[in-house]
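One line per chain: the protein sequences are A and B, in this order. By full-length UniProt numbering, the letter at position 49 of the first sequence is numbered 49, and the numbering carries on one by one without gaps. By full-length UniProt numbering, the letter at position 258 of the second sequence is numbered 258, and the numbering carries on one by one without gaps. Glycine residues also receive a C-beta, built at the ideal position from the N, C-alpha and C atoms. Heads up: the structure comes next, in C-alpha cells.
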Amino acid sequence: MLESFEILTASGIVLWSKSYAPVGAHIINSLINDVFIEEKVLPQGTAGTGVAPVYKKEKYTLKWKRVKEFNLIFVAVYQSLLHLGWIDKLIDNIATIFIDLYKEQLKSTRSRAIEYPFDKYFDQQVQELEDNTGASASADRILGDQEAKKDPFASSDNGGPPPPSVPGLVKAQRQAAQTVVTSDEGTPPQTPEISRSSTPSSAHALPAKLGPGGRVSRRARKAANASANVSSGDEPVRKSNKTPKSGKKMRKWGDDGMADEDDGEILDYSVHDEGADMSAPAVEAVAQDTWGRRTGKGQFVLKDLGDEVHSILENADNEKSKAGASAGVVGSSFNAIGGLFRNIVGGKVLTESDLEKPLKAMEDHLMKKNVAREAAIRLCEGVQRELIGKKTGNFQSVDAALRNAMESSLRKILTPTSSLDLLREIDSVTSPSSKQQAARPYVISIVGVNGVGKSTNLSKICYFLLQNNYRVLIAACDTFRSGAVEQLRVHARNLKELSSRENVGEVELYEKGYGKDAANVAKDAVEYGAANKFDVVLIDTAGRRHNDQRLMSSLEKFAKFAQPDKIFMVGEALVGTDSVMQARNFNQAFGTGRNLDGFIISKCDTVGDMVGTLVSMVHATGIPIVFLGVGQHYGDLRGLSVPWAVGLLMK
Amino acid sequence: MEGQVGWTSVGGVLTNLLDGNPIAIAVAIVIAFGLPVLLHMIFFRAAASPPLRNFLLLGPSGGGKTALFSLLESKSSRIPKPEPLTHTSQTSTLTTVALPATVTAASNRYRSVNDSSLLDISKNPVRYRVRDTPGHGKLRESQGLSQLREMTQSKEARERLRAVVFMVDAAALSEEEALRDTATYLHDVLFVLQKRALDKGKSAAKVAAEVPVLVAANKQDLFTALPAGSVREKLEAEIERVRKFRSKGLMDASAGSGETGGEDEILGNDEGQEKFTFKLLEDEVGSNAERGSGVRKWEEWIGMWL
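As C-alpha cells, then:
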C-alpha cells in the first residue's frame, strides 16, 4: 500500500501531502540529499519513458517526478515489499491534475502560503488506479461495496484512519478496506451534508469503471502485466479482472437506473463503451458531462470529480498528441523561425532537440579538458535532465543557459559535502577534548597506481605537517618494489634536515626491509608510533594496478590491520579515461564499510588547464579532493579551490 | 491686429498676460493646478515606498531555516494556515513577511503608546523580506555565501542586506560532527562580513554594527537541546579552533597564481592572539525558541533592525 505522497517545492516546502502511515521526514530528506544534491545515486529509468525513477531507502521505495516549470517534486513513498505497478501512472496523473488545478496559484508569489484542497482528487485517483489493478480483490470488494451501499453511515463510521499496511495481510482485503475508506474520506469536503453525499458514495465508483472504461481496462491490463506480485498467469488475471467487473456493473446499473429511470441514452452509451474498448477518449468525456448534468447538480458528487479529473488528464493527453502532430512541414518551419528568434531574445522553453547540438559541443569540450568520457557523458545527461522544460532567461541563448547549468553542476560536484580540515582532525585525535578517549597517533595511508607519486605526495604532506609542529612517523610499507624504502629514506633525511633547520616538528622513518607483509608492517608501525608518542603516522604503500584482483585484495587486510583514520588515493592529473575505473576500484578495495576518504591529484602543474581528472574521479565516487600536487618541491601542495577548477574547465 | 503685434514683442506679451487674454488665463490655470500635482508626483512617490529591509537566513542543513521561513510566511498571510512540513532545500527563496503588530519596530520605538499611527500597524504592518537558503554543504557556497556577498556589496538599497539570522540546531550541537560543521559555516559567514567591513576601512570590531548577526538556537523543545549560553560557549570554542587551523592550513590552488595578496586575514582581530569570542565582533548570540509559539523573541530582534 502507498505509505505517503508529498508534493514539495525545490525550496523544501511541502505544499500538499497525504500519508497513510507515518513515514519519517528523513526518508524524503535523504532522497533530496542523495539524488538531487549530491547525485550519489543515479536514478534508474529516464524521464522520457514515462517510468518514474526509483530510489530505495530503508524499507521504503520512493518514486518521484520533477516538474521544472513550477519547481515541484512529486514523491510517492511505499513499502519495498510491495510491487505497486500503478505508482508511475499515479504520479503522472497527480502531477498533471495538480498543476492544471492550481496553475494560477502556483505562479503567484504566495504559492507557499495557500492551502491546496487536493485530497479528494488524490483519493479519487488512488482509488481508480487501485481498482484497476486490484484484480483478485473481487469477492471482498463486492462485499465491501455492498455493505457500504446498505449502510453508508456505518461505513463512514468505520472510515477512520486507514489500517496500517501489514505485509502479512491479504492484499485483496486491504484494498477492499482502502476503497471504502478513501471514498468516504473523499466525499465530505465536496458537500457539507453528509446524508446527501454518503448516499451516492456507494455509486461513486461508477465513473471509475464505467466512464473511461476503455482506457481504464487497458491501463489495468498494463498494470497487471507490470505488477510482479500477481503470481498467477496473465490469462486468469485478465479473466478475473473482467468477471467481477461485469458483475458489479450490473449491480451498479440497477442502482443507477433508480436514480434516473428514463435515461435511456446513458445505458446505451455505457453498453457501447463497455463493448468498444478503443473508443476515443474525447467522446467519452462529452458523454460523461452530459450525463452528469442530467442527474442533477451536487447529487453525484464524486462522479463529477471523476469527470473533472478525467477531462484534465485527457486535455493533457490531447495537448501532448497535438504537439506531436503539429510537427508538420509548416509547423516545423514556423517553429524553427520562432526558435531562432527565441534563441536570441530568450524566454524559450528548452527541448531535447534544442540541446542536442550544444550538448555535443559541451561534451567534446569537456573531453578536451581531459574529463573521462563516461563522466562527461553523465555530466551532460545530468545537465540535459535539468534543462529540458526550463525557460531561458531574457536575452539568454541556449548556449549560455547550458554553460551556466554546466558550471553550477561542476561546482556542485567538486564542492565537498563537508570540508576536510586535516589539522583539526589530527588535533582532535592526538589531544582529545574528552577524557574518555585516549590520545593516539593519527594514521594516514596513501594508496594509488604505480608511479603516480605516492611517496612524493606523502613527503609533501609530511612537510606540511612538520610545519605545524607535529611529530611524524613515516612507515615504509612498500615492501615490494626495490628502491622504495631507500627512496623514502632519502625523503625522511631531507625532511629531517629541513625541520631541524627551521626548528619545527620531528620526523622518523619506520622500515622493515623488503618481502614482509605490508599489512603487518603497517600495524607494527602504528603500534610503534603510539608507543613513541608520535602525532601522525603516514603509511606509504606499494603501487598496484587497480584491475589486478590479487593485488587489490591485499588492501582489505591492510585497512583492517592498520586502521587508518584517512585513506587517500593519489591520482595523476595526466590520466584520462582510466581515472574513473581507478577511483572506483580503489574505493571498493577496502571491503564493506570502508571507503577512500579523499583524493590527492598529483602533477597538476603538467596539464595546464586540462584538469578534467578532478571531475572524473569525484564524479565516479563522490569522494572529495583533498590536495593538489602542483610542483616538484616539498611546499608544492595545495588545497582545492572550486572556482579555480571550474574556471579552468569552462575556459 | 493689436494682439498679433503684442505676442511678438516682450512688452506686448506682458501686456497681453495682464489683459485678461483667454490663452493667458488658460496657461495660468494649468500652472496653478498642474504644478502641485506634478511636484507631488515627482517627490512624493519616491518617499512613499521605502525599500523593504532584507534578512538572510543562513545555517547548516537541518537547522530549521525553511521551517522558520514558512512559519513567518504563514503567520503573515491573511488566511492563517498551519505551517507546512519542510524538507531539505535545494534552492533559495525570497518572500515578504509582516512583523506582527505586537512587536514594535525600531523605527516606532519612540512613538507614544497613544500615537494614532500605531493603531494603523495592525492593518498595515511593517513588512520585510526574508531569504531562505539551502544549508547543504554542497550548496552553501553557491547559494548561501555568494548570496551573502552579493547582498552586502549591493549598491541598490532594495537589495542590501539588513541582518543575518543564523539558525543552529541546538540539539545537534552536542555532537562533534554537527558542531564542527556549524562552526565552520558560521566562521565563513562572519569572515565574509568582516572582510566587507575591512574593505570599507572599518575595524573588525565594527562588523556587527554594519550587518548584525543573530545566532538563533533552534529546537529548544527537544530534550537534548543546549541552552543559549552553552551554544554560545561551544560555538566560540569551535570557531577558535577553526580560526587557528585556517591560519595554518594550505593555500588554495588558485592562490598560486599570485593575484591574491599575501595578507592573511583572521577572523576577529588582526593579531589573532586573543581567544575568539563573539564580543570581538560585537555580535549577538542567543535568544531561543520553541516550535510554533516561541519565535517572538526572534521577531523582536528583527524588529530592532526595521
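Taking 7 Å as the limit between beta carbons, can you name the residues of its chain near tyrosine 116/A, skipping five residues before and five after?
Along the first sequence, one-based indexing puts residue 116/A at 116. The answer, listed in chain order, is Leu15, Trp16 and Tyr102.
Relative to the C-alpha of lysine 390/A, which candidate in Glu356/A, Glu425/A and Asn71/A has its C-alpha closest?
Here residue 390/A corresponds to residue number 390 of the first sequence, with the count starting at 1. Among Glu356/A, Glu425/A and Asn71/A, the Cα nearest to that of lysine 390/A belongs to Asn71/A.
If you measure from the beta carbon of threonine 93/B to each beta carbon in chain A, is any gap under 8 Å?
As a first step, residue 93/B must be located in the second sequence, where it is residue number 93. Yes - at least one Cβ of chain A is within 8 Å of the one on threonine 93/B.
Quick check: the stretch 490–500 of chain A against the stretch 559–570 of chain A, are at least 3 beta-carbon pairs closer than 8 Å?
no
Beta carbon of leucine 350/A, beta carbon of valine 398/A: below 8 Å?
Along the first sequence, read from residue 1 onward, the residue named residue 350/A stands at position 350. Along the first sequence, read from residue 1 onward, the residue named residue 398/A stands at position 398. It is a contact, given that the beta carbons lie within the stated cut-off.
What residues in its chain sit with their C-beta under 7 Å from that of aspartate 115/B, if we drop five residues either side in the sequence?
Counting from one through the second sequence, the residue named residue 115/B turns up at place 115. Cβ neighbours of aspartate 115/B beyond the five flanking positions: none.
Given a threshold of 16 other Cβ atoms within 10 Å of its Cβ, counted over all protein chains shown, does lysine 238/B qualify as buried or as exposed?
Here the question's residue 238/B lines up with position 238 in the second sequence. The sequence given here has glutamate at residue 238/B, not lysine. Glutamate 238/B comes out buried.
Minimum Cβ-Cβ distance from glutamate 38/A to chain B less than 8 Å:
As a working note, residue 38/A is residue 38 in the first sequence. Taking Cβ atoms only, chain B reaches closer than 8 Å to glutamate 38/A, which makes this a yes.
So, is valine 113/B buried or exposed, given that buried needs 16 or more other C-beta atoms within 10 angstroms?
As a first step, residue 113/B must be located in the second sequence, where it is residue number 113. With fewer than 16 Cβ atoms within 10 Å of its Cβ, valine 113/B is classed as exposed.
Give the straight-line distance between the Cα atoms of alanine 24/B and valine 37/B, rounded to the nearest whole angstrom.
In the second sequence, residue 24/B corresponds to position 24, counting from 1. In the second sequence, residue 37/B corresponds to position 37, counting from 1. Distance between alanine 24/B and valine 37/B, taken at the CA atoms: about 20 Å.
Can you give me, in chain order, the residues of the stretch 391–424 of chain A that have a beta carbon less than 7 Å from any beta carbon in chain B?
Within the stretch 391–424 of chain A, Ser408, Arg411, Lys412, Thr415, Pro416, Thr417, Ser418, Ser419, Asp421, Leu423 and Arg424 place their CB atoms closer than 7 Å to a CB of chain B, listed in sequence order.
Pick out whichever of Glu527/A, Ala531/A, Asn503/A and Arg481/A has its Cα sitting closest to the Cα of lysine 516/A.
Along the first sequence, read from residue 1 onward, the residue named residue 516/A stands at position 516. If we check each option's Cα against that of lysine 516/A, Arg481/A comes out closest.
Chain A contact residues for arginine 241/B, given Cβ-Cβ distances below 7 Å
The sequence position of residue 241/B within the second sequence is 241, counting from 1. Correct list: Arg424.
Give me the Cα-Cα distance between residue 691/A and glutamine 153/B, rounded to the nearest whole angstrom.
Shown here, chain A extends from 1 to 651; a query on residue 691/A therefore has no answer.
Beta bridge counterpart(s) of alanine 98/B as assigned by DSSP:
Counted from its first residue, the second sequence places residue 98/B at position 98. According to DSSP, which records beta bridges pairwise, alanine 98/B is partnered with Arg127/B.
In the DSSP output, which residue or residues are listed as bridge partners for glycine 635/A?
Here residue 635/A is taken as the residue at index 635 of the first sequence, counted from 1. Glycine 635/A is not bridged to any residue.
Closer than 7 Å at the beta carbon, the chain B residues around phenylalanine 561/A
Numbered from its first residue, the first sequence carries residue 561/A at position 561. Under the 7 Å cutoff, chain B gives no residues; its nearest Cβ is about 26 Å from phenylalanine 561/A.
Start-end ranges of the beta strand (DSSP E) lying completely within the stretch 45–122 of chain A, minimum 3 residues:
54–57, 60–67 and 72–79
What residue from Leu52/B, Leu58/B, Ala172/B and Ser142/B has the CA that sits closest to proline 227/B's CA?
The residue you call residue 227/B lines up with position 227 of the second sequence. Among Leu52/B, Leu58/B, Ala172/B and Ser142/B, the Cα nearest to that of proline 227/B belongs to Ala172/B.
Exposed or buried, what is isoleucine 31/B when buried is set at 16 or more other beta-carbons lying within 10 Å of its beta-carbon?
By 1-based counting over the second sequence, the position of residue 31/B is 31. Around the beta carbon of isoleucine 31/B, a 10 Å sphere encloses fewer than 16 other beta carbons of the protein chains shown; the residue is thus reported as exposed.
Bounding residues of the beta strand (DSSP E) (the contiguous stretch that carries serine 602/A)
Locating residue 602/A in the first sequence gives position 602, counting from the first residue. Segment 598–602, the beta strand (DSSP E) holding serine 602/A.
Note down, in chain order, each residue of its chain lying with its Cβ closer than 7 Å to the Cβ of glutamate 356/A, except the 5 sequence neighbours on either side.
In the first sequence, residue 356/A corresponds to position 356, counting from 1. For glutamate 356/A, where only same-chain residues beyond five positions count, there are no Cβ hits under 7 Å.
Determine whether the beta carbon atoms of leucine 410/A and leucine 250/B lie at a separation below 8 Å.
To locate residue 410/A, count along the first sequence from 1; it is residue 410. To locate residue 250/B, count along the second sequence from 1; it is residue 250. No, they are not a contact pair.
Proximal chain A residues relative to leucine 250/B, where beta-carbon distance stays under 8 Å:
Residue mapping note: residue 250/B aligns to position 250 of the second sequence, counting from 1. In chain order: Phe464, Phe627, Leu637, Arg638 and Gly639.
Suppose you measure from the CA of glutamate 156/B to the CA of glutamate 150/B; what does that come to, to the nearest Å?
As a working note, residue 156/B is residue 156 in the second sequence. As a working note, residue 150/B is residue 150 in the second sequence. Answer to the nearest angstrom: the Cα atoms are 11 Å apart.
Boundaries (first-last residue) of the beta strand (DSSP E) holding phenylalanine 627/A
Looking up residue 627/A in the first sequence gives position 627. Start and end: 625–629.
Alpha carbon to alpha carbon, how far is serine 4/A from phenylalanine 627/A? Give it in angstroms, no decimals.
The residue labelled residue 627/A in the question sits at position 627 within the first sequence. The residue labelled residue 4/A in the question sits at position 4 within the first sequence. Cα to Cα, phenylalanine 627/A sits roughly 44 Å from serine 4/A.
Identify the continuous beta strand (DSSP E) that holds alanine 217/B and give its terminal residues.
Residue mapping note: residue 217/B aligns to position 217 of the second sequence, counting from 1. From DSSP, the beta strand (DSSP E) with alanine 217/B extends over 213–218.
Between arginine 160/B and the rest of its own chain, which residues show a CB-CB distance below 7 Å, the 5 nearest in sequence each way excluded?
Residue mapping note: residue 160/B aligns to position 160 of the second sequence, counting from 1. Taking arginine 160/B as the centre and dropping the five residues before and after it, the same chain places the C-beta of Asn54, Met151 and Ser154 closer than 7 Å to its C-beta, in chain order.
For histidine 187/B, count the other beta carbons within 10 Å of its own beta carbon; 16 or more makes it buried, fewer makes it exposed. Which is it?
Within the second sequence, residue 187/B is the residue found at index 187, counting from 1. Label assigned to histidine 187/B: buried.
Comparing C-alpha positions only, which one of Tyr60/A, Arg594/A and Gly593/A sits nearest to alanine 21/A?
Reading the first sequence from its first residue, position 21 is the one you call residue 21/A. Of the listed residues, the one whose Cα sits closest to alanine 21/A is Tyr60/A.
Would you list the one or two residues that DSSP bridges to isoleucine 446/A?
For the purposes of this step, residue 446/A is identified with residue 446 of the first sequence, where counting begins at 1. DSSP, once it has assigned bridges, lists Asp540/A and Phe568/A as partnering isoleucine 446/A.
In chain A, which residues lie less than 8 Å from threonine 104/B when you measure between Cβ atoms?
Position 104 of the second sequence, counted from the first residue, corresponds to residue 104/B. Under the 8 Å cutoff, chain A gives no residues; its nearest Cβ is about 24 Å from threonine 104/B.
Cβ-based contacts, 7 Å cut-off: residues of the stretch 47–77 of chain B near chain A
Residues of the stretch 47–77 of chain B that bring their beta carbon within less than 7 Å of a beta carbon in chain A comprise Thr66, Ser70, Glu73, Ser74 and Ser77, in sequence order.
State the CB to CB distance for the pair residue 727/A and threonine 541/A, rounded to an integer number of angstroms; the pair is presumed to be in contact (CB under 8 Å).
Outside the displayed range of chain A (1 to 651) lies residue 727/A, so it cannot be described from this structure.
Does DSSP put tyrosine 510/A in a helix, a strand or coil?
In the first sequence, the residue the question calls residue 510/A occupies position 510. In the structure shown, tyrosine 510/A sits in a strand (DSSP, three-state: E or B).
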